[in-house]
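S.K.: Please see the structure below; I have some questions.
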Amino acid sequence: MSRETIVLGAGMVGVSIALHLARRGRSVVLVDRKAPGRETSFGNAGIIQREAVQPHCFPRDAGSLLRMLPNRRVDIRYRPASVLAAANPLWQHWRYSEPRRYARIVPEYASLIMRCTAEHEALIEAAGAESLVKKEGWIEAFRSPSVFDEQLKNAADAQKRFGVDYQTLDQASLKAHEPYLSEALLGAIHWTNAWTVVDPGALVAAYAQAFAGLGGHIEETDARGIAPTANGWRVTTRGGSLEARELVVALGPWSGAWLRQLDYRLPLFPMRGYHMHYAASADAKLNHWLLDFDVGYLLAPMRAGIRLTTGAEIASIDSPPRTSQLDAAEAAARKLFPLGERLDASPWKGARPCMPDMKPVIGPAPKHKGLWFAFGHGHQGFTLGPVTGRLLGEMMDNEPPAVDMSPFRADRF
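For the sequence shown, counting from 1, position 403 maps to 403 in my numbering; every step adds exactly one.
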């Protein structure tokens with residue numbers, strides 16, 4: 001089969017790219033081993049994070065690093081062998097988190113985040129997916145007065161510099177928003193211009209259906225290899241091969257391994273997350289997505305039940321799951337909100353594709369004509385998929401992109 005463009009990867013990023021290219025009139029085939037939205041994009045917290053203008057940096061102070069060492073935290077855990085395997089990108093991550101470097105990174109990263117809801121809105125309308133999205137914001141709640149004060153300062157800075165909207169909730173206001181929470185929380189930030197999604201996988205699937213409605217082809221198959229040809233690119237699959245003039249690699253945490261076939265060595269590393277769904281006990285109801293900031297887990301009222309998501313685990317993509325982090329998060333969550341029984345047979349796990357400088361790779365491959373990269377979005381692939389699709393489409397059609405794309409080029413390392 002020959003097409004104008006092949007997009008490898010059917011998560012939120014890949015599907016959004018395919019849909020944007022199809023809207024531009026391109027003939028596109030979208031390739032993934034699973035149906036659209038069934039890998040990393042399926043299991044996230046379901047927030048389109050307009051407030052997330054400050055990316056996750058590596059802790060720099062000795063106290064934070066020492067608190068990580070016992071490996072019993074909910075927000076971050078690690079496997080020693082995986083830390084050693086990712087030692088170079090983790091070291092780079094620590095270096096890029098130095099305050100002066102981080103200060104330069106934030107506005108570059110924010111240039112993408114600031115467009116996230118507008119770009120999602122266009123695709124939500126195209127896909128007829130309005131019923132999946134709530135525009136009521138989400139809540140970040142705190143136990144420590146000093147931590148709360150520090151995050152309020154960050155919120156005020158984000159509002160001034162990047163147009164983030166929020167409301168400060170004292171304990172009484174938080175209780176009015178969420179009457180079934182315990183008294184452990186002293187206040188919260190309500191991020192009011194973020195959106196939430198009751199079924200993240202279904203939103204990706206809706207975008208994919210809109211893509212198919214424009215004549216796009218979805219190939220659910222194992223890709224085995226990629227190689228340049230005289231006229232473009234060939235993707236070898238389980239059932240044969242696909243050819244196209246241009247190829248987009250949007251394989252999330254698997255992108256680095258695939259591109260080693262072409263002698264690219266990008267410092268991409270995975271950060272694992274887990275989730276489980278729960279019923280609510282008795283008549284209890286959770287009204288908003290809620291992060292217990294000091295502990296490090298999130299509760300999200302979704303179609304499938306109340307989804308509990310963990311923080312990050314430094315673990316290789318293929319390593320077997322360890323449920324201790326999720327178990328610890330569940331124990332803390334049960335003291336905060338009356339969760340009922342587990343609704344899933346086993347925990348879900350997935351890997352976030354992270355770059356040391358906390359910015360995705362978006363743009364042309366440095367050494368190959370017609371090859372394009374779109375990966376490394378860290379915690380925000382779900383948020384940034386549509387804006388990535390727009391910007392990459394503009395670049396592929398030789399149009400000036402809506403933002404400066406030099407901070408996201410592949411040859412910056």
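Where a beta carbon is used, it is the ideal one built from N, C-alpha and C, also for glycine.
Whole angstroms are fine: how far does the CA of P36 sit from the CA of P145?
M.R.: Taking the sequence shown and counting its residues from 1, the one referred to as residue 145 is at position 145. Taking the sequence shown and counting its residues from 1, the one referred to as residue 36 is at position 36. Cα to Cα, the separation comes out at about 43 Å.
S.K.: From the DSSP output, in three-state form, read off D224 for me.
M.R.: Taking the sequence shown and counting its residues from 1, the one referred to as residue 224 is at position 224. As written in the sequence, residue 224 is Arg, which differs from the Asp given in the question. Residue state, collapsed to three classes: strand.
S.K.: Closest to L8 by CA distance: which of G63, A223, L339, R73 is it?
M.R.: Within the sequence shown, numbered from 1, the residue matching residue 8 stands at position 8. That would be A223, whose Cα lies nearest to the Cα of L8.
S.K.: Could you tell me which whole alpha helix (DSSP H) segments of length 4 or greater appear in the stretch 91-151?
M.R.: With a minimum length of 4 residues, the continuous alpha helix (DSSP H) runs that stay inside the stretch 91-151 are 99-113, 116-127.
S.K.: Quick check on DSSP: helix, strand or coil for A81?
M.R.: For this step, residue 81 is matched to residue 81 along the sequence shown. Residue state, collapsed to three classes: helix.
S.K.: Starting from the C-beta of P253, find all residues in its chain whose C-beta is less than 6 Å away, skip the five residues before and the five after it, and write them out in chain order.
M.R.: By 1-based counting over the sequence shown, the position of residue 253 is 253. Correct list, in chain order: P270, I317, A351, P353.
S.K.: What residues match up with G493 in a beta bridge as DSSP calls it?
M.R.: For the chain, the structure presents residues 1 to 413; residue 493 sits outside this window and is missing.
S.K.: Name the one or two DSSP bridge partners that C354 has.
M.R.: As a working note, residue 354 is residue 354 in the sequence shown. Answer is F269, bridged to C354.
S.K.: Buried or exposed: where does N44 fall if 16 or more other Cβ atoms within 10 Å of its Cβ makes it buried?
M.R.: For the purposes of this step, residue 44 is identified with residue 44 of the sequence shown, where counting begins at 1. Buried.
S.K.: For a test of the three-state rule: what should DSSP assign to P347, helix, strand or coil?
M.R.: Stepping through the sequence shown from its first residue, residue 347 is reached at position 347. In the structure shown, P347 sits in coil (DSSP, three-state: anything other than H, G, I, E or B).
S.K.: Considering Cα atoms alone, identify which of E399, R412, F373, N398 is closest to I6.
M.R.: To locate residue 6, count along the sequence shown from 1; it is residue 6. Nearest option by C-alpha distance: F373.
S.K.: For C57 versus L384, is the C-beta distance shorter than 8 Å?
M.R.: The residue labelled residue 57 in the question sits at position 57 within the sequence shown. The residue labelled residue 384 in the question sits at position 384 within the sequence shown. Cβ distance not < 8 Å, so C57 and L384 don't count as in contact.
S.K.: Under 8 Å: do the stretch 332-350 and the stretch 387-400 share three or more Cβ pairs, one atom per stretch?
M.R.: No, the stretch 332-350 does not touch the stretch 387-400.
S.K.: Quick one, which of D283, E246, S255 has its alpha-carbon nearest P179's?
M.R.: Here residue 179 corresponds to residue number 179 of the sequence shown, with the count starting at 1. Nearest of D283, E246, S255 to P179, Cα basis: D283.
S.K.: Going by C-alpha to C-alpha distance, which of G240, L19, V235 sits closest to E246?
M.R.: Position 246 of the sequence shown, counted from the start, is the residue given in the question as residue 246. Of G240, L19, V235, the residue nearest in Cα terms is V235.
S.K.: List the endpoints of the continuous beta strand (DSSP E) containing V361.
M.R.: The sequence position of residue 361 within the sequence shown is 361, counting from 1. Note, V361: beta strand (DSSP E), 361-364.
S.K.: Output needed for R24: all residues of its chain with C-beta closer than 8 Å, excluding positions within five of it in sequence on either side, in chain order.
M.R.: Along the sequence shown, read from residue 1 onward, the residue named residue 24 stands at position 24. Same-chain partners within the cutoff: G393, D397.
S.K.: Report all residues from its chain with a CB closer than 6 Å to the CB of F148; omit the five preceding and five following residues, and keep chain order.
M.R.: The residue you call residue 148 lines up with position 148 of the sequence shown. Taken in chain order, the residues that qualify are F142, G187.
S.K.: My parser needs the alpha helix (DSSP H) runs of 4 or more residues fully inside the stretch 30-72; what are they?
M.R.: Runs found: 62-68.
S.K.: Fully enclosed by the stretch 142-207, which alpha helix (DSSP H) runs are 4 residues long or longer?
M.R.: Counting whole runs of 4 or more residues, the stretch 142-207 contains the alpha helix (DSSP H) stretches 145-162, 171-177.
S.K.: Going by the DSSP bridge assignment, what does T274 pair with across the sheet?
M.R.: Position 274 of the sequence shown, counted from the first residue, corresponds to residue 274. Reading the sequence as shown, one finds Tyr at residue 274 and not Thr. DSSP output for Y274 lists K349 as bridge partner(s).
S.K.: From E220 to G240, what distance separates their C-alpha atoms?
M.R.: Here residue 220 corresponds to residue number 220 of the sequence shown, with the count starting at 1. Here residue 240 corresponds to residue number 240 of the sequence shown, with the count starting at 1. Approximately 13 Å, taken between the alpha carbons.
S.K.: Give the DSSP bridge partners of A372, in chain order.
M.R.: Start at 1 with the first residue of the sequence shown, and residue 372 comes out as number 372. Contrary to the premise, residue 372 reads as Trp rather than Ala in this sequence. In the DSSP output, where bridge partners are listed per residue, W372 has V248, P364.
S.K.: Is it the case that the CB of G239 approaches a heavy atom of the ligand MN more closely than 7 Å?
M.R.: In terms of ligand content, the structure shown is empty, and the ligand MN therefore cannot be addressed.
S.K.: Quick check on this structure: which residue in W191, H177, E119, S182 has the alpha carbon closest to the alpha carbon of W138?
M.R.: Position 138 of the sequence shown, counting from 1, holds the residue named residue 138. Comparing Cα positions, the closest option is W191.
S.K.: Could you work out which residue in K285, A52, R409, R3 is closest to L266 when comparing CA atoms only?
M.R.: Counting from one through the sequence shown, the residue named residue 266 turns up at place 266. Minimum Cα distance to L266 is reached at R409.
S.K.: At a cut of 8 Å, does the stretch 80-97 reach the stretch 322-341 through at least three beta carbon pairs?
M.R.: Touching, no, given that fewer than three Cβ pairs across the two stretches are closer than 8 Å.
S.K.: Tell me, please, which residues DSSP counts as bridged to E313.
M.R.: Taking the sequence shown and counting its residues from 1, the one referred to as residue 313 is at position 313. According to DSSP, E313 bridges with R77, R272.
S.K.: Could you tell me the alpha carbon to alpha carbon distance between V164 and K153, rounded to whole angstroms?
M.R.: Here residue 164 is taken as the residue at index 164 of the sequence shown, counted from 1. Here residue 153 is taken as the residue at index 153 of the sequence shown, counted from 1. Looking at the two C-alpha atoms, the distance is approximately 13 Å.
S.K.: Exposed or buried, what is Q261 when buried is set at 16 or more other beta-carbons lying within 10 Å of its beta-carbon?
M.R.: Taking the first residue of the sequence shown as 1, we reach residue 261 at position 261. So Q261 counts as exposed.
S.K.: Could you tell me whether the stretch 99-107 touches the stretch 63-77, using the rule of 3 or more Cβ pairs below 8 Å?
M.R.: Because the criterion of three Cβ pairs below 8 Å is not met, the stretch 99-107 and the stretch 63-77 do not touch.
S.K.: What is the DSSP secondary structure of T229, reduced to helix, strand or coil?
M.R.: Sequence index remark: in the sequence shown, residue 229 carries index 229 (1-based). Residue state, collapsed to three classes: coil.
S.K.: Are Y207 and A122 touching if we call contact CB-CB under 8 Å?
M.R.: Locating residue 207 in the sequence shown gives position 207, counting from the first residue. Locating residue 122 in the sequence shown gives position 122, counting from the first residue. No; because the gap between Cβ atoms is not below 8 Å, this pair is not in contact.
S.K.: Report back the beta-carbon spacing between G46 and M302 to the nearest angstrom; my notes put them in contact at under 8 Å.
M.R.: By 1-based counting over the sequence shown, the position of residue 46 is 46. By 1-based counting over the sequence shown, the position of residue 302 is 302. That belief holds up - the Cβ atoms of G46 and M302 are roughly 6 Å apart, short of 8 Å.
S.K.: Please report how far the alpha carbon of V198 lies from the alpha carbon of G378, in whole angstroms.
M.R.: By one-based count along the sequence shown, residue 198 stands at place 198. By one-based count along the sequence shown, residue 378 stands at place 378. Distance between the alpha carbons of V198 and G378: 21 Å.
S.K.: Cα separation between M369 and Y109?
M.R.: The residue labelled residue 369 in the question sits at position 369 within the sequence shown. The residue labelled residue 109 in the question sits at position 109 within the sequence shown. For the record, residue 369 in the displayed sequence is Lys; it is not Met. Distance between the alpha carbons of K369 and Y109: 26 Å.
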